[in-house]
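Read through the structure below, which is laid out as structure tokens, and then see the notes.
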Amino acid sequence: MTTTLEASYQPLQAFGSELGDIEETPHDSGVMIHVVPESSRARWNHMEDLDAFFTRMYHYHQKHGFACMMLQEVLELFQFVFVVIFSTFLLNCVDYPILFKDKLDPYKKTNISKVSLGDAVIPTAQCVGSFSLSTWVCLCIALIFWFLRVFKVVCHIFQFWDIKCFFNTALKISDNELDNLTWHEVQRRVREVQKEQQMCIHKTDLSELDIYHRILRFKNYMVAMVNKSLLPPRLQVPLLGEVVFLTHGLKYNLELLLFWGPWAPFENSWHLKEDYRKAAKRHELAAALSKHIMWLALANLLLCPLILLWQILYSFFTYAEIIKREPGSLGLRCWSQYGRLYLRHFNELDHELNARLNRAYSPASKYMNIFTSPLMTVIAKNIMFVAGAFLAVLVVLSFIDEDTLTVEHVLTIITSLTAVVAACRALIPDENVVWCPETLMTAVLAHVHYLPDDWRGRAHKNSVRDKFSQLFPYRAINLFEELLSPILTPYVLWFHTRSRALEFVDFYRNFTVEVVGVGDVCSFAQMDVRRHGNPTWQTSGTGVQKPAGPSETTAYVMPTSIGEQAVPCASNQYTQAEDGKTELSLVHFTMTNPHWQPPPDAESFVDAFRHQAKRDAAGESGPMYAPFAAYSAYAAQLHSGSSLGPEASIMLTSFLRGSQIPAPMSPSASQSVGEAASVAVRGGLSRAEGPYQLSLPRGLPPAISLGASVFGSGVGSGFSSEPVEGELTATDMSLSTLLLHEVHHRHLRRRGYQERESANRALWQRPHHEMAGIREEGPLPSSGQGSASGSGTGTHQNSGDRPAECTPLLTSKHK
């Protein structure tokens with residue numbers, strides 16, 4: 001091995017003993033290999049835990065480097081100390097009767113007319129001496145917890161210092177450049193380093209999907225469990241009905257139980273225990289898992305008082321100042337934990353999900369705000385009038401004489417009246433709001449990508465609004481659930497999670513696959529449209545025929561036009577992902593990683609979708625689909641393209657209508673626009689989705705960027721060298737989402753039509769007495785009802801509604 005700093009090239013046979021297990025090559029072939037200096041290879045060659053390494057590398061990029069990360073963690077240590085000491089001080093070291101002037105100062109023995117803060121503070125010795133046993137116990141537990149956090153921070157310093165060296169040395173990226181590089185660029189450099197450093201010795205080249213698998217291994221399992229209604233728990237609450245309960249505390253307990261805890265099914269971060277692959281041990285494993293859930297519930301019950309106390313104190317110190325400054329801030333909405341998992345794609349990183357949900361925030365808020373109660377509006381207006389009158393008088397009096405504020409409870413009354421006015425104002429609808437629920441729901445769908453089928457055409461219903469509020473609740477409701485989490489988490493674990501232990505065991509066995517160089521991953525994360533795809537979400541030409549096994553059924557993709565042949569898809573209701581999760585995840589991953597080479601089935605799906613999209617845009621799909629092109633162009637231009645500027649809207653409309661693209665701008669104008677864009681995104685590229693510069697597929701004009709990723713990129717076709725702005729990827733995905741949902745509903749409408757036709761033919765041939773009996777039972781379902789019931793996959797069903805096919809269908813070879 002060479003010892004020089006420069007890399008050299010030597011014949012392959014010189015390293016036959018080292019590389020012989022990787023690739024077998026004749027000794028006289030003359031093949032040359034690239035030799036990396038030993039000092040560099042030894043640093044990151046054969047990483048023990050690539051999952052943790054890639055995850056830390058992603059966090060290092062997203063959190064702006066070593067200095068920002070470590071400063072944040074150290075300040076969080078001081079924040080914890082501050083909360084504990086300050087809370088203890090407020091509870092034990094303040095004489096509130098003196099502060100409120102209810103008694104004399106025992107130290108000054110005089111009747112003082114004005115009390116200072118120092119008069120109400122108890123001396124330190126007397127304060128410490130008054131500590132109760134419960135106070136000392138809480139302080140000792142807090143001290144132990146703080147030392148554990150200190151140990152964790154010290155470990156992070158060493159771990160992320162190694163990541164810093166990797167970025168600076170191997171990737172040639174300094175911390176000052178992190179915010180000017182997208183994750184896609186960092187990932188590309190990591191793949192190049194893999195070829196030299198061989199961080200993973202099982203594969204010479206790591207694909208983008210391999211890196212995503214390692215970072216999101218457990219997250220993909222969570223997304224799949226939510227998609228198949230295994231999580232989260234649904235509670236029946238009196239007067240409220242079914243409530244989805246998933247808080248940070250419960251989510252932490254589930255991850256501890258299912259992924260990385262001492263009793264987790266995973267032997268390490270990348271390998272599932274062998275017993276979980278054996279169907280014969282499913283009941284034994286379920287009993288053990290149920291026992292572990294019981295012990296975890298008991299631990300949460302014992303720690304409930306401490307956790308609840310911490311939640312209250314932390315929430316008070318966090319939101320008290322915000323509420324005082326902006327009383328209506330708790331009336332704003334946020335995405336719930338359940339919503340973030342339900343709306344998440346397979347293999348979608350945090351910054352990609354946040355970008356989508358941030359774009360959907362505005363139309364989602366507008367949709368929720370158009371639902372108002374006329375009765376509550378009348379009541380709120382009158383309450384606001386009375387409260388506003390009192391508030392105005394007190395404000396005017398305080399301007400006339402500031403001593404008004406020193407009157408007892410005046411400041412409290414002013415603050416309370418301000419909160420009441422803000423709450424009433426939130427209940428009064430805006431006079432300029434236009435009632436367009438379906439358009440707003442389409443705009444939300446274009447960004448969040450997933451909504452149940454039965455919401456289509458029913459966006460004006462209060463029932464749909466109530467269900468959507470579970471994904472997008474008020475911040476006050478979200479805060480209230482977090483405060484109740486320490487109390488409800490033991491109950492949920494004991495009564496709701498324990499009963500599903502067998503389903504968790506079956507899920508791991510049926511939906512875990514081993515990937516070479518990656519380890520065990522959730523099979524849904526492979527985005528295999530043949531195994532986990534849904535035929536109603538696929539166009540013709542997708543999928544590969546596969547003989548159905550004894551427990552599998554073969555579903556067929558409905559032809560999209562007359563003369564086309566149906567294509568078989570080897571999947572069933574249990575193995576299919578709900579709501580088109582497989583297909584939409586594949587399209588999203590292809591767009592954010594345009595140079596990824598998908599497997600043949602995925603490439604076939606994307607090619608078929610590209611072909612169908614082009615036919616829709618050109619109006620070749622038939623007259624019954626013509627309105628969709630115009631409507632999707634309007635919706636996408638109004639709610640997606642507008643967020644990217646007028647040029648994106650023009651290109652989107654022109655692309656769908658098939659018109660000519662406007663002439664390109666002059667060089668000077670183009671340069672000024674480019675400079676403005678660079679200033680706007682400087683320091684923010686770390687949160688960008690996909691590459692900042694995209695490449696267009698062959699055959700499209702250079703000015704067209706929208707639809708570029710789906711209509712050719714990443715599917716093995718040729719690329720043009722003309723770069724365009726990477727922000728247009730969001731509009732590409734919004735348009736593709738609308739197209740895929742339209743394809744899905746075409747299948748459902750056609751299926752419902754065929755089911756009605758077959759039912760009518762069957763009724764026509766039945767005897768008269770059978771027809772009379774059917775008439776007594778009720779009318780035949782309409783097309784919408786038939787489509788929903790016929791698909792069996794369109795709605796997000798509860799686990800209790802799932803058919804008998806949910807029994808383990810994929811038998812394991814291990815016994």
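In this text, residue positions in the sequence shown follow the UniProt record's numbering: the first is 1, and each later residue adds one. Just so you know, even glycine gets a beta-carbon here, dropped at the ideal spot from N, CA and C.
So, helix, strand or coil for residue i, using DSSP?
{"i": "Y212", "result": "helix"}
{"i": "N268", "result": "strand"}
{"i": "R458", "result": "coil"}
{"i": "E242", "result": "strand"}
{"i": "E503", "result": "helix"}
{"i": "Y450", "result": "coil"}
{"i": "R615", "result": "helix"}
{"i": "V513", "result": "strand"}
{"i": "Y574", "result": "coil"}
{"i": "G519", "result": "strand"}
{"i": "R749", "result": "helix"}
{"i": "R333", "result": "strand"}
{"i": "K273", "result": "coil"}
{"i": "K278", "result": "strand"}
{"i": "V395", "result": "helix"}
{"i": "V121", "result": "strand"}
{"i": "F385", "result": "helix"}
{"i": "R191", "result": "helix"}
Restricting to Cα atoms, I'd like to know which of the options is closest to residue i.
{"i": "F147", "options": "F78, V420, S87", "result": "F78"}
{"i": "N180", "options": "F317, I487, G65", "result": "G65"}
{"i": "N572", "options": "L296, R531, W537", "result": "R531"}
{"i": "F245", "options": "Q612, T497, G388", "result": "T497"}
{"i": "N176", "options": "F89, H202, Y60", "result": "Y60"}
{"i": "L584", "options": "Q197, E742, L427", "result": "E742"}
{"i": "P233", "options": "I370, F100, N510, W494", "result": "W494"}
{"i": "Q470", "options": "L738, V395, R340", "result": "R340"}
{"i": "A120", "options": "V137, F511, L99", "result": "L99"}
{"i": "V237", "options": "G517, V492, L738", "result": "V492"}
{"i": "A730", "options": "L748, R687, R749, R750", "result": "R687"}
{"i": "F89", "options": "R344, E76, V115, F131", "result": "F131"}
{"i": "T372", "options": "R344, H460, M384, E267", "result": "H460"}
{"i": "W136", "options": "A279, L306, K195", "result": "L306"}
I'd like to know whether the C-beta atoms of residue i and residue j end up nearer to each other than 9 Å.
{"i": "F605", "j": "F346", "result": "no"}
{"i": "Y319", "j": "L133", "result": "no"}
{"i": "L190", "j": "I215", "result": "A quick correction: the sequence has Val, not Leu, at residue 190. No, Cβ-Cβ distance for V190 and I215 is not below 9 Å."}
{"i": "A577", "j": "N227", "result": "yes"}
{"i": "I487", "j": "C304", "result": "yes"}
{"i": "L250", "j": "A476", "result": "no"}
{"i": "E481", "j": "T247", "result": "yes"}
{"i": "residue 817", "j": "Y276", "result": "Absent from the model: residue 817. The displayed extent of the chain is 1 to 815, so no value can be given."}
{"i": "M591", "j": "D466", "result": "no"}
{"i": "H745", "j": "D520", "result": "no"}
{"i": "M57", "j": "F166", "result": "yes"}
{"i": "A264", "j": "P490", "result": "no"}
{"i": "L231", "j": "E242", "result": "no"}
{"i": "A315", "j": "L417", "result": "For the sequence presented, residue 315 should be read as Ser rather than Ala. No, these two residues do not count as a Cβ contact at 9 Å."}
{"i": "K278", "j": "R509", "result": "yes"}
Pull up the CB-CB distance for residue i and residue j, whole angstroms please, since I reckon it's below 8 Å.
{"i": "A501", "j": "L257", "result": "Their Cβ separation, rounded to whole angstroms, is 10 Å, which puts A501 and L257 out of contact at 8 Å."}
{"i": "M225", "j": "F507", "result": "7 Å"}
{"i": "A364", "j": "E689", "result": "With a Cβ gap of about 19 Å, A364 and E689 do not count as contacting."}
{"i": "R333", "j": "M368", "result": "6 Å"}
{"i": "A380", "j": "C436", "result": "23 Å between Cβ atoms; not a contact."}
{"i": "V464", "j": "I370", "result": "About 12 Å; that fails the 8 Å criterion."}
Since residue i is in the alpha helix (DSSP H), which residue starts that stretch and which ends it?
{"i": "V237", "result": "Counting along the chain, V237 falls outside any alpha helix (DSSP H), though it belongs to the beta strand (DSSP E) covering 234 to 237."}
{"i": "F66", "result": "66 to 92"}
{"i": "S134", "result": "133 to 165"}
{"i": "L254", "result": "248 to 255"}
{"i": "F371", "result": "Unbroken run through F371: none, as it is neither H nor E."}
{"i": "Y474", "result": "Per DSSP, Y474 belongs to no alpha helix (DSSP H) and is neither H nor E."}
{"i": "V421", "result": "410 to 427"}
{"i": "S585", "result": "581 to 592"}
{"i": "residue 816", "result": "The structure shown has nothing for residue 816, since the chain only spans 1 to 815."}
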